[in-house]
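*Asks:* The opening residue of the sequence shown carries number 1 in UniProt numbering; numbering runs sequentially from there.
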Amino acid sequence: MHTLYVAQQGCYVCREQQKLLIKKGEDVLGEVQIPLLEQVLVFGRSQITTQAIQVCLQEDIPIAFLSRMGYCYGRIMPIERGYRQLSRYQQQLTPQERLIIAQRIVETKLKNSRVFLMRQYRTCQKESISLAIKSLNYFAQKTLTVSHLDQLMGIEGSGAVQYFQALGECIAYDEFKLLARTRRPPTNPTNALLSFGYQILWNHLLTLIEMQGLDPYYACLHQGSERHAALASDLIEEFRVPIVDSLVLWLINTRTMNPEQDFRYQEGGCFLNAVGRKKFLNAWLKRMEQPVGTEKQPRWDMLTRQIRQYKEFVYHPVQGYTPYEIQ
């Protein structure tokens, strides 16, 4: 089953027999067989015809409309589609089942951070990076020994401090130097890029979670509330490094981003301006459309595949959940 991502601006989706066509003007950019389609995501100023919407609803295929930043405006779903039972299963997960998955999430995040730094170390052999790699290996092993979520969050925080200090050493240009991770607000261009990328990824994951019928407010690692969709915060952890951090480092070290032209500074914070956001989003969409893995599927599908696996875990907790790990 496939997810159709309509990300190129100004194009539209229409129906032709048992296919959906993606067109721009009279040019056909792509097509997908309707029986092979699981969901449709339409970004920005792209459109979908009434006939295409109708056949999707008839075939139980949900459609979501998102901004280019991944914010979901809303979804169109068949009337009979409902997952109340799935939400109940999420609520019935035992504390031990949730702890085991939380451990795996943090362990994988730390492992991904370590592997990413190891790759950077090949061309940037600094002692601080080497020490961070060793520390992250220690913290990853330690995650499996804890018995409480508070302890696990403490290990995750300690690992993050080590990682971001080392990540700063991988940056080639002083104007982007990263001394520490700052969030609210981000205080320099690199933190602004990281925050923007994480927000896009979080928004996108939230949409995919809801499209799969999962309740985004019940999670394993993070605590949900009316204002916090904790499951998106759980599932973003395994993707921060391979998707956002790697893209940010590439944008900086290739001089794609300009610290003076692409950012605005106000009230002690640093934020991407309109030009910077456009640059980032263009690079983001290209990166997400690139095929990865042995199956050569776009990174978009990698997200859906992991969420689908988490859904199977909710139905069958004994199967567990395996976060995405950089090889």
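For each residue, glycine too, the CB sits at the ideal point set by N, CA and C.
(1) Compute the Euclidean distance between the alpha carbons of isoleucine 100 and arginine 45, then round it to the nearest angstrom.
(2) Since leucine 214 and glutamine 92 are thought to touch, with beta carbons under 8 angstroms apart, how far apart are those beta carbons, to the nearest angstrom?
(3) In or out: proline 189 buried (at least 16 other Cβ within 10 Å) or exposed?
(4) According to the Cβ coordinates, are glutamine 162 and alanine 192 closer than 7 angstroms?
(5) Quick one: grab the DSSP three-state call for alanine 274.
(6) Given a threshold of 16 other Cβ atoms within 10 Å of its Cβ, counted over all protein chains shown, does glycine 74 qualify as buried or as exposed?
(7) Where threonine 49 and leucine 20 are concerned, what is the direct C-alpha to C-alpha distance, given to the nearest angstrom?
(8) Whole-angstrom Cβ separation of leucine 152 and alanine 102, contact assumed at under 8 angstroms?
(9) Rounded C-beta distance between threonine 207 and cysteine 72? I'm assuming under 8 angstroms.
(10) For the putative contact between aspartate 262 and asparagine 253, defined by C-beta atoms under 8 angstroms, what is the C-beta separation to the nearest angstrom?
(11) Can you confirm whether leucine 93, when its beta carbon is compared against all beta carbons of chain C, has any partner nearer than 7 angstroms?
(12) Rounded to whole angstroms, what is the Cα-Cα separation between valine 241 and phenylalanine 116?
(13) If threonine 3 and glutamate 59 are in contact, beta carbons under 8 angstroms, what's the gap, nearest whole angstrom?
(14) Buried or exposed: tryptophan 250, going by 16 or more other Cβ atoms within 10 Å of its Cβ?
(15) Along the chain, where does the alpha helix (DSSP H) containing tyrosine 5 start, and where does it finish?
(16) Would you list the residues sitting across from cysteine 72 in a DSSP beta bridge?
(17) Since proline 298 sits in a beta bridge, which residues does DSSP pair it with?
(18) Roughly how many whole angstroms lie between the Cα atoms of valine 32 and glutamate 107?
(19) Using a Cβ-Cβ cutoff of less than 8 angstroms, which residues in the same chain neighbour glycine 293 once the five nearest sequence positions on both sides are dropped?
(20) Once you ignore the five residues that flank lysine 109 on each side, which residues in its own chain have a CB closer than 8 angstroms to its CB?
(21) Quick one: what's residue 333 bridged to in DSSP?
(22) Going by C-alpha to C-alpha distance, which of Ala7, Val42 and Gln309 sits closest to leucine 319?
(23) In its own chain, which residues sit with a C-beta less than 8 angstroms from the C-beta of cysteine 270, not counting the 5 before and 5 after it?
*Replies:* Concretely, from the data shown:
(1) Isoleucine 100 and arginine 45: Cα-Cα distance of roughly 42 angstroms.
(2) Your pair leucine 214 and glutamine 92 does not check out as a contact, with CB atoms roughly 14 angstroms apart and the cut at 8 angstroms.
(3) Flag for proline 189 reads buried.
(4) The answer is no: Cβ separation not under 7 angstroms.
(5) In this structure, alanine 274 counts as helix in the three-state DSSP scheme.
(6) With fewer than 16 other Cβ atoms within 10 Å, it is exposed.
(7) Straight across, the Cα-Cα distance linking threonine 49 with leucine 20 is about 10 angstroms.
(8) Your pair leucine 152 and alanine 102 checks out as a contact, with CB atoms roughly 6 angstroms apart and the cut at 8 angstroms.
(9) Contact flag correct, Cβ pair sits at about 4 angstroms.
(10) Taking a contact as a CB-CB distance under 8 angstroms, the pair aspartate 262 and asparagine 253 does not count as one, their CB atoms being some 15 angstroms apart.
(11) Protein chain content of the structure displayed is limited to a single chain, and chain C is not contained in it.
(12) So the alpha carbons of these two residues sit roughly 7 angstroms apart.
(13) For a cut-off of 8 angstroms, the C-beta gap from threonine 3 to glutamate 59 is around 14 angstroms, too long to register as a contact.
(14) Under this definition tryptophan 250 is an exposed residue.
(15) Element bounds for tyrosine 5: not the alpha helix (DSSP H) but the beta strand (DSSP E), 2-6.
(16) Paired residue(s): Leu66.
(17) Paired residues: Pro291.
(18) Rounded to whole angstroms, valine 32 and glutamate 107 show a C-alpha spacing of 37 angstroms.
(19) For glycine 293, same chain residues with a beta-carbon under 8 angstroms away, outside a window of 5 residues either side, are Met302 in chain order.
(20) Listed in chain order, the non-local C-beta contacts of lysine 109 below 8 angstroms within the same chain comprise Glu156, Gly159, Glu237, Glu238, Arg240, Val241 and Pro323, local neighbours out to five positions each way being set aside.
(21) Limits of the chain in this structure are 1 at one end and 327 at the other, which puts residue 333 out of reach.
(22) The question names leucine, but residue 319 in the sequence shown is glutamine. Per the Cα distances, Gln309.
(23) The beta carbon of cysteine 270 sits closer than 8 angstroms to the beta carbons of Pro185, Pro186, Thr187, Asn188, Pro189, Asn191, Ala192, Phe263 and Arg264 from its chain, once the five residues preceding and following it are set aside; these are given in chain order.
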